Each structure stands twice: as structure tokens, then as C-alpha cells.
Amino acid sequence: MIAALSLLAYALMLALAGPRLLRASSWADRAPRLAIAAWQALTVTVLASLALAGAALTFPTVTVSRDLAGLLQACIMAIQEQYASPGGAAAGATGAVLALTILGRTLWCVGRGLAGMALERARHGRILDIVGRDNKQHGIVVLDSDEATVYCLPGRRRRTVVTTGALQALDEAQLAAVLAHEHAHLSERHDLILGFSRALAAAFPGIALFRLAAAETARLIELRADDAAAARSGRLTVAGALLAVASPGKTPLPSIALAAGGAGAAARVRRLIPPHNPLGRARTAAGSLAVAALLTLPVLLLGGPAAAAAGHNLCPGISTSASSPAA
Ligand SMILES: [Zn+2]
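Here the sequence shown stands for residues 0 to 326, where the numbers follow numbering that gives the first Met the number 0.
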């Protein structure tokens, strides 16, 4: 029970305090890649903690020896003892519902989201095959349109699409900058990162953490792509290119597309104008360690004390007695 309560408290603390910490000051804007990883780790850790808490309530815990027969016998005895009492059975049922709900909703929504993305990619790809023209010089697909729009279509047949309006609005250096921006989206699979965040927000719409994570991830992947483009073309060139393609067009883009301009472009341009001020190596290393700690702590909460006490603990959760109730 202690392990389950600790995991629930950890998940609650992260869900409430995590977003405030991640959005505090401007460190995320200075290290968007780290911030993306932090948001992903935060959401995964909250889900894992809740699911593990459910598992810890459901399965009684035992400390066992290396003997497999002894392990099985201890597990069976502990399960019989827990589920013999109404309180133990209720706790076990609650834990099972919690764990199965989280796992089921997550798998279903992530799977449905990925399938929807694949369908939309294929549908839009067929449209591009019909109305787009390949430009071998730049490795792009050109669409006839007065709207200045640049976006990429991720996936196996990944393509970057540039309208004739954008080709007229951008000079050569700016075109190289927006193509570098789109290349970062494609090579770092920002579509999957964003798709995962959106799937979690859809799976658990009542939890603000997941809505915030999806919104922040969408913003941060644009900053990360801007930084990648700036490393190649210079920050002011990227800022100029963004201004040229910033106006949202009348034609809505498919949700799978990752555009260079669009919402948030004004703030991104303002960010690019001052000299680059990345997070220092020490702070980046500390942040990376914090991300790793976030992911590791639920496992330690569940298994650490038992492993330390018994040396070998092969059942879910920890206890110092083979017949103890759920821990
Ligand atoms: Zn973009």
C-alpha cells in the first residue's frame, strides 16, 4: 500500500508542479530540445506512476528467494490472503481498474492517432502526386498558389512543399533557411513527438497536464526547427524568412503538416532577433539528469526498497513478508 500511495502522490505532485517548473523562466526557449524531452518525460512518468500504483494495489507483494517454486507459492498465498478480505479485494479491484484504464486508453488513443496520421499522410500525398510539381534542384514539391506557404509531409515518402507564392516571397538564402527548418522537422520526427502528445491529450482530456504538454510541444518543436535552421543560415535570415511566410493562408493545411510559418511566428521572429543565448552545458547536463530521474523514480519507488531489503524481488511491489497485503 505504501508503494501505491507513494506512486499516486508522485504522479499528483508532478501533474500539479511539473508544468509550472517547465514553464518557469525562459530556459525552455533557450533549450527547446531538452524542454521537449522534459515534457515527454513528465507525461510518460505521470502515466507510468499511475499505472504502477494500480498494479501495486492489484497484486500483493512478496519477498522471495531464488527458488522459483518458493516464489510461486509465496505469490499464491499472498494473493489468497489479500483477496480474502473485503478491503483487500476492493483495493485490488480499484488498482486493476486504474491500471487497465490508463494502459487501455493510452494504447487505444496513441494507436488511433498514429493510424489517423498515416491515413491523412497517404490522402494528402495522393493530392500532391496530382497537383504538385517536383523541383529537383531544391528537392521540393511546388504547388501553384498565391499564398506564401511552406510545410513538410513526414513519413516514408517525406516531402517538403513550397507554394509558388512562397518562392516569389523568399530569396535564395531565406528559401534555404525554411528548407532547413522543414528538414529538422522531418529528420527529428517531430510529427511523432507531436502526435504522441496530442494522443495523450485526447486520451485524458480532463487532465490539464496533457493539454499543456501538447500545446507546449507544438510550440517547442517550432523553436527547435528554427534553431536548426539558424545554425545553417543565420538567425536574422530565418527571422526574415518566417516573416515572409508567416501569414496564415486561407487554405487550411492538413493537421499532419508541419509548417514553417503560421501561429506563433511573430513570437518566434522576436526570439530570433537578439543574439543566440543557449543554455550552458552545465545546466543542460543538469536538465538531462533531471529528465532521467523523472523516468527512473517510479521504478525505484516500486522496486527499490524491496531490492535493497531482499536482494532478489521478482514480484510486483515490495514487502518484507511473504504474506503481507498489497504494498
Ligand atoms: Zn515548423
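For each residue, glycine too, the CB sits at the ideal point set by N, CA and C.
Here the structure is a predicted model, which means the values were calculated and not measured.
At what residues does the alpha helix (DSSP H) containing H1 begin and finish?
Checking the sequence shown, residue 1 turns out to be Ile, not His. I1 -> alpha helix (DSSP H) spans I1 to R22.
Please report the Cβ distance between Q167 and G239, rounded to the nearest whole angstrom; I am assuming they are in contact, meaning their Cβ atoms lie under 8 Å.
With a Cβ gap of about 15 Å, Q167 and G239 do not count as contacting.
DSSP three-state label for I206, please.
I206 falls in the coil class under three-state DSSP.
Would you identify the three-state DSSP class for R282, choosing helix, strand or coil?
Looking at R282 - three-state DSSP - the assignment turns out to be helix.
Which listed residue (I35, T93, P297 and L299) has its alpha carbon closest to that of R188:
It is I35 whose Cα lies nearest to the Cα of R188.
Measure how close the beta-carbons of A244 and V149 come, nearest whole angstrom, since I'm counting them as under 8 Å.
The question names Ala, yet the displayed sequence has Val at residue 244. The C-beta distance from V244 to V149 rounds to 5 Å, short enough to fall under 8 Å.
Run of the beta strand (DSSP E) containing R132, from where it starts to where it stops:
Here the beta strand (DSSP E) through R132 covers R132 to N134.
Less than 8 Å separating the beta-carbons of T105 and L142?
Their beta carbons are not under 8 Å apart, which means T105 does not touch L142 by this criterion.
Who sits around ligand 1, taking every residue whose Cβ is closer than 6 Å to one of its heavy atoms?
Residues lining ligand 1 by the Cβ criterion, that is a Cβ closer than 6 Å to any of its heavy atoms, are H180, H184, E221, A224, L257, A258 and A259 in chain order.
Would you tell me roughly how many angstroms separate the C-alpha atoms of G164 and E146, rounded to the nearest one?
So the alpha carbons of these two residues sit roughly 5 Å apart.
Flag V96 as yes if its beta-carbon sits less than 8 Å from any beta-carbon of chain D, otherwise no.
Annotation note: the requested chain D is absent from the structure, which comprises a single protein chain.
Quick check on DSSP: helix, strand or coil for I220?
Helix at I220.
Let me know the secondary structure DSSP gives L97 once reduced to three states.
In the three-state reduction of the DSSP assignment, L97 falls in the helix class.
In chain order, each beta strand (DSSP E) run of at least 3 residues that lies wholly inside the region 105–157:
Unbroken beta strand (DSSP E) stretches of 3 residues or longer found wholly inside the region 105–157: 132–134, 139–142 and 149–152, given in chain order.
Opening and closing residue of the alpha helix (DSSP H) in which E171 lies:
That run of the alpha helix (DSSP H) goes E171 to S186.
Tell me which residues share the same chain as R210 and place their Cβ nearer than 8 Å to its Cβ, disregarding the 5 neighbours each side in the sequence.
Excluding residues within five positions, the ones whose Cβ falls inside 8 Å are A200 and P204.
If you draw a straight line from the alpha carbon of A285 to that of A27, how long is it in whole angstroms?
When rounded, the distance between both Cα atoms is 13 Å.
Drop a sphere of 10 angstroms on the beta-carbon of G94, count the other beta-carbons inside from all chains shown, and report buried for 16 or more, exposed for fewer.
That one is buried.
Cross-strand partners of T159 (DSSP beta bridge)
C151.
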